[in-house]
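Numbering (this note's numbering), first residue to last: 533 to 890.
Heads up: the structure comes next, in structure tokens.
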């Protein structure tokens, strides 16, 4: 009898690419049945578009009252879990990328085992919440995350495993978004209002980007920020703004840009799949040097005034050789590049766990 494994897709679309390659790998095995559970027809359709052989069993969950179905705005995760509890609890193993599902552990009689594929590989403290301690098995991208999970007592050493970064296997290829030969700057502000460069400084940042000469600019805020802030608009012909599309979540921009400009988004590690210059905006003047939440700021220039951006761009190429070793070391610690694909490794780990739990 095939081993049943359910992927619980109740988060927004940006998390889909972190579990999809592993789900496809498992679904391609004769002894596994993979179900995809989501309250979003759009999320299901996006996942199914990668499964032309129709190996997935899509299950459309009941949708709590909210706005129209959207890739980037989903109903309350807790409400979705409670509304669909009978359908969810019948699966012995649930795989997800979010930790709201940990609330199910508080319901008497709930016996499913929960596996989390931790999305992203960043440094921000928001990725380490107490609720995570309820998860049965956590797959992380690299040793950095495993170390921090254990140090913060969010996982026992045997319950957190390095599984790599499967998203790299389905990332977009480098594309041209502009009809010129100028280099491209990718600006990627985060949604955390305390750490992001956009909420308090957006108009000044946009003005500085509009004034750049000899550069193309892609502005693609984290999709959560894009949903919370008024649309970013500009008439500057050298700027492309993306407030939420598949390009903003499938690594299209990180693969197609020459310099990264941002604050605390873990997308910087996706950008550094190929070492390139990074510039970080410390416009809030925070004390960052000894804070592990800002470890990635040691991988490039840090500027405290947006007026310094043109000068930072001008010297980026000359400074980059001095950052390459640190970037490569940080990537090795953050995202383990196994000889075998991460999706295969993650699938093996999950399947072994599911069979042991039977």
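Using N, Cα and C, we set each Cβ at its ideal position, and we do this for glycine too.
Owing to the predicted nature of the structure, the values given are computational and were not obtained by experimental measurement.
Exercise. Which full runs of the beta strand (DSSP E) of 3+ residues lie inside the segment 753-777, going along the chain?
Worked result: Qualifying beta strand (DSSP E) stretches, in chain order: 771-773.
Problem set entry | Every unbroken alpha helix (DSSP H) within the segment 572-649, with a cutoff of 4 residues, ordered by chain | 573-580, 609-615 and 617-621
Exercise. What's the call for residue 728, buried or exposed, on a 16-neighbour Cβ count within 10 Å?
Worked result: buried
Problem set entry | 8 angstroms CB neighbourhood of residue 839 in its chain, flanking five on each side removed | 740
For this session: Could you check the C-alpha separation between residue 585 and residue 779 for me, to the nearest Å?
Result: C-alpha separation (whole angstroms): 24 angstroms.
For this session: Inspect the beta-carbon positions of residue 672 and residue 882 and report whether they are closer than 8 angstroms.
Result: It is not a contact, given that the beta carbons lie outside the stated cut-off.
Exercise. How close, in whole Å, do the beta carbons of residue 557 and residue 879 come, if the pair is a contact with beta carbons under 8 angstroms?
Worked result: About 4 angstroms; that satisfies the 8 angstroms criterion.
Exercise. From this set, 600, 635 and 812, which residue's C-alpha is nearest residue 722's C-alpha?
Worked result: 812
Exercise. Exposed or buried, which one is residue 856 when buried takes at least 16 other CB atoms within 10 Å?
Worked result: Classification for residue 856: exposed.
Exercise. Taking C-beta to C-beta, are residue 667 and residue 634 nearer than 8 angstroms?
Worked result: yes
Problem set entry | Cβ pair residue 892, residue 654 closer than 8 angstroms | Given a span of 533 to 890 for the chain in the structure shown, any question on residue 892 remains unanswerable.
Problem set entry | Whether residue 748 touches residue 716 by CB criterion (8 angstroms) | yes
Problem set entry | Given 8 angstroms, three or more beta-carbon pairs between the segment 650-665 and the segment 560-573 | No, the segment 650-665 is not in contact with the segment 560-573.
Exercise. Which partner residues does residue 535 have in the DSSP bridge list?
Worked result: In DSSP, residue 535 forms a bridge with 564.
Exercise. Along the chain, where does the alpha helix (DSSP H) that runs through residue 856 open and close?
Worked result: 856-866
For this session: Compare the Cα-Cα distances from residue 718 to each of 645, 795 and 552 and report the closest residue.
Result: 795
Problem set entry | Through-space distance from residue 644 to residue 821, alpha-carbon basis | The alpha-carbon atoms of residue 821 and residue 644 are separated by roughly 42 angstroms.
Problem set entry | Simplified DSSP state of residue 801, which is helix, strand or coil | helix
Problem set entry | From 888, 596, 575 and 872, residue whose alpha carbon lies closest to that of residue 694 | 872
Problem set entry | Inter-stretch contact at 8 angstroms, needing at least 3 Cβ pairs: the segment 580-595 / the segment 547-565 | yes
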